[in-house]
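Enquirer:
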Amino acid sequence: MPPGRTQPVCGNDRGRRVSVYDLALFSLNIRFGLADDGPDSWRHRRHFFPVLLKRYPADFYAFQEVNDFQAEDLQAMLAGYRCIGQRKPAPACWQSNLIFYHPRWRCTEKYHFYLSPTPDIPSRFEESKWPRQCTIGIFNHDSLWVVCVNTHFDFAETVQEKSARLIRTRLSTLSVTEPAIIMGDFNTSPDGHCYPIFTRSGPAGKAAASKDESPFKNIFQPPFPATHHGFTGKADEGPIDWILYRGPIVPVERQVVRDAFDGHYPSDHFPLWVRFRWIH
Numbered sequence: 003m004p005p006g007r008t009q010p011v012c013g014n015d016r017g018r019r020v021s022v023y024d025l026a027l028f029s030l031n032i033r034f035g036l037a038d039d040g041p042d043s044w045r046h047r048r049h050f051f052p053v054l055l056k057r058y059p060a061d062f063y064a065f066q067e068v069n070d071f072q073a074e075d076l077q078a079m080l081a082g083y084r085c086i087g088q089r090k091p092a093p094a095c096w097q098s099n100l101i102f103y104h105p106r107w108r109c110t111e112k113y114h115f116y117l118s119p120t121p122d123i124p125s126r127f128e129e130s131k132w133p134r135q136c137t138i139g140i141f142n143h144d145s146l147w148v149v150c151v152n153t154h155f156d157f158a159e160t161v162q163e164k165s166a167r168l169i170r171t172r173l174s175t176l177s178v179t180e181p182a183i184i185m186g187d188f189n190t191s192p193d194g195h196c197y198p199i200f201t202r203s204g205p206a207g208k209a210a211a212s213k214d215e216s217p218f219k220n221i222f223q224p225p226f227p228a229t230h231h232g233f234t235g236k237a238d239e240g241p242i243d244w245i246l247y248r249g250p251i252v253p254v255e256r257q258v259v260r261d262a263f264d265g266h267y268p269s270d271h272f273p274l275w276v277r278f279r280w281i282h
């Protein structure tokens, strides 16, 4: 079933009819366009994206590390899609975490904050090498609601833990908490200390009485696939890009996208694509 399609089927609950909805998402650290990557610079690889995005249609596209001129290119490629997460005004070198969403969806709430002790102003944790951020949107289509999160963590393990707790705390304040999907570049594998903060119960990764107590799951099962390859096509780090989910959705297809174009890759990370099935 194509993404975004509903199909009535007979349920088992006393013969009532239920709807099955397929929800597709695509997540990629796009590699910031100001980087001097020679033949892999943005001006060369941007031409791969129209084909790539057509091959992997999605309701939601999450991109990390996006310079403003890359955002303009992506918006032109994703005609009709709307976007949240872009900081305006922003320094010329700023890298946004963007969520593009299909026009069938309506964004009812959106949030952009910094992974720091003062998340509502541009800032960072003391140990963080760069300012990091998170974009959250609540989306509605007919009777369906979904929370999408897009983030990019720093390198220090202590910062990653604080960032994960901050995101879970923010999620606990939302008017809608399930289903929720977290996408991003976490700069650590699921063996890291921040992963259980998402995948255990409670807003801080501990059992707690909270409307955010439901744990998240990874779309993949161990061993988790590696995703960073430095434009070589050969993974050189662990599984640092994740898609996590919770609520009444089940991944029925998932893929690490390793497509190359004339021997070159769209980014130094492999994209992740998933199709969830949602029965309601």
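Going from the sequence shown to my numbering is simple: count from 1 and add 2.
Even for Gly, the Cβ is constructed at its ideal location relative to N, Cα and C.
Fair warning: this is a prediction, and the values are worked out from it, not measured in the lab.
Take SER203 as the anchor and find which of ARG260, MET185, SER174 and VAL252 has the nearest alpha-carbon.
Expert: It is SER174 whose Cα lies nearest to the Cα of SER203.
Enquirer: Determine the contact status of LEU27 and PHE71, defining contact as a CB-CB distance below 7 angstroms.
Expert: For LEU27 and PHE71, no; Cβs fall outside 7 angstroms.
Enquirer: Taking DSSP as the reference, what is the three-state secondary structure of THR160?
Expert: The answer is helix: DSSP assigns THR160 an H, G or I state.
Enquirer: On the criterion of 16 or more Cβ atoms from any shown chain inside 10 Å, does GLY82 qualify as buried, or is it exposed?
Expert: When all chains shown are included, GLY82 counts as exposed.
Enquirer: State the DSSP-derived secondary structure class of GLN72, mapped to helix, strand or coil.
Expert: Helix at GLN72.
Enquirer: Note the first and the last residue of the continuous alpha helix (DSSP H) segment covering ILE199.
Expert: Its alpha helix (DSSP H) spans residues 197 to 201.
Enquirer: Where do the N-terminal and C-terminal ends of the alpha helix (DSSP H) with TRP96 fall, by residue?
Expert: From DSSP, TRP96 is part of no alpha helix (DSSP H); its letter is neither H nor E.
Enquirer: Tell me which residue opens and which closes the beta strand (DSSP E) that LEU146 is part of.
Expert: Its beta strand (DSSP E) spans residues 146 to 154.
Enquirer: What separation, rounded to the nearest whole angstrom, lies between the Cα atoms of SER191 and GLY40?
Expert: Near 28 angstroms, if we compare the C-alpha coordinates of GLY40 and SER191.
Enquirer: How close, in whole Å, do the beta carbons of TYR247 and ILE183 come, if the pair is a contact with beta carbons under 8 angstroms?
Expert: Confirmed, about 5 angstroms.
Enquirer: If distances are taken between C-alpha atoms only, which option among SER118, THR110, PHE222 and GLN77 comes closest to THR171?
Expert: Cα-wise, what sits closest to THR171 is SER118.
Enquirer: From ILE32, ASP24 and TYR23, pick the residue whose C-alpha is nearest to that of ASP270; which is it?
Expert: The shortest C-alpha separation from ASP270 is found at ILE32.
Enquirer: Does the beta-carbon distance from ASP156 to SER125 come in below 7 angstroms?
Expert: It is not a contact, given that the beta carbons lie outside the stated cut-off.
Enquirer: Apart from the five residues on each side of it in sequence, which residues of its chain come closer than 6 angstroms, Cβ to Cβ, to PHE226?
Expert: Contacts found: PRO192 and PRO241.
Enquirer: Indicate whether PHE272 and ARG256 have their beta-carbon atoms separated by less than 7 angstroms.
Expert: Not in contact: PHE272 and ARG256 (Cβ atoms no closer than 7 angstroms).
Enquirer: HIS266 lies in the alpha helix (DSSP H); which residues open and close that run?
Expert: Where HIS266 is concerned, there is no enclosing alpha helix (DSSP H), given that its DSSP letter is neither H nor E.
Enquirer: For a quick check, are the C-beta atoms of GLN135 and ASN189 less than 7 angstroms apart?
Expert: It is not a contact, given that the beta carbons lie outside the stated cut-off.
Enquirer: Could I get the ranges of all uninterrupted beta strand (DSSP E) runs contained in the stretch 206 to 259, with 3 residues as the minimum, in chain order?
Expert: Within the stretch 206 to 259, the complete beta strand (DSSP E) runs of at least 3 residues are 243 to 248 and 251 to 258.
Enquirer: Roughly how many whole angstroms lie between the Cα atoms of ILE251 and ASP187?
Expert: Roughly 22 angstroms separates the two Cα atoms.
Enquirer: Output yes or no for whether 7 angstroms exceeds the beta carbon distance between TYR267 and PHE233.
Expert: Yes, they are a contact pair.
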